[in-house]
Amino acid sequence: MPTALNLLCDTERAWPEAVRRLSAIILGDLCNGHDANQAEFRRAEGVVLLQQKLIELRAEDPTLPSKLTLVVLRAVWNCIIGNRKNTVRFLVSDGLDALLDVLEAGHPSLHPICLSIVSDILENPKAHVFFHEWVSNKSGRNAAALLLHVWRAEDSKRGMNPG
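Take any residue in the sequence shown, count from 1 to its spot, add 74: that is its number in our numbering.
Put into structure tokens, the structure is as follows:
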């Protein structure tokens with residue numbers, strides 16, 4: 075597993091995006107529903123590395139869909155969410171902050187998976203404090219206001235504006 079992590083998160087050598095995407099897919103597939111692989115992922119510092127990758131990816135051009143961001147979010151879902159220890163480590167390493175930043179700044183095509191991950195994280199009562207403490211550096215919104223903004227934008231896009 076460290077090899078796939080290195081391919082995805084290596085900051086010294088820029089692997090082609092296709093290689094990094096494939097690495098994220100492999101990590102997600104290895105961890106999906108597999109407790110032992112999720113534990114190995116945590117021991118290999120994968121939780122922190124994925125959180126750092128989210129921070130890097132939030133700077134991507136939001137006008138373009140990002141396949142890499144999508145597969146990294148999928149890896150977050152499969153490798154971290156659903157595993158109590160991985161989720162706690164993600165929370166304390168500001169992973170929810172990075173996820174909410176991606177939700178706010180990322181392409182709208184990322185909203186469904188971001189919202190699903192946030193929803194699953196918030197099933198853990200320990201996550202509520204992190205959710206309530208988040209404030210956007212970009213807009214000054216808190217997390218609840220961000221979710222309402224995303225909801226209103228989706229309603230508007232579908233022509234469902236009230237009144």
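Quick reminder that beta carbons are idealized off the backbone N, C-alpha and C, glycines included.
Quick check on this structure: which residue in 215, 88, 170 and 120 has the alpha carbon closest to the alpha carbon of residue 105? 120
Proximity below 9 Å, CB of residue 136 to CB of residue 185: no
Just how far apart, CA to CA, sit residue 233 and residue 148? 29 Å
Going straight from the alpha carbon of residue 205 to that of residue 77, what length do you get? 32 Å
Is there at least one Cβ from chain D nearer than 9 Å to residue 165's Cβ? Protein chains in the displayed structure number just one, and chain D is not present.
Let's test the definition: count the other Cβ atoms within 10 Å of the Cβ of residue 97 and tell me whether it reaches 16, buried, or not, exposed. buried
Helix, strand or coil at residue 106 according to DSSP, with G and I counted as helix: coil
Answer yes or no: do residue 145 and residue 214 have a C-beta to C-beta separation smaller than 9 Å? no
Checking the sheet assignment: what are the DSSP bridge partners for residue 216? 209
Pick helix, strand or coil for residue 120, following the three-state DSSP scheme. helix
Ordered along the chain, which non-local residues of its own chain (more than five positions away) have a Cβ less than 6 Å from that of residue 140? 134
My output table needs one value for residue 113: the three-state DSSP class, helix, strand or coil. helix
Select from 95, 168, 84 and 118 the residue whose C-alpha is nearest the C-alpha of residue 143. 95
Residue 163 lies in the alpha helix (DSSP H); which residues open and close that run? 158-166
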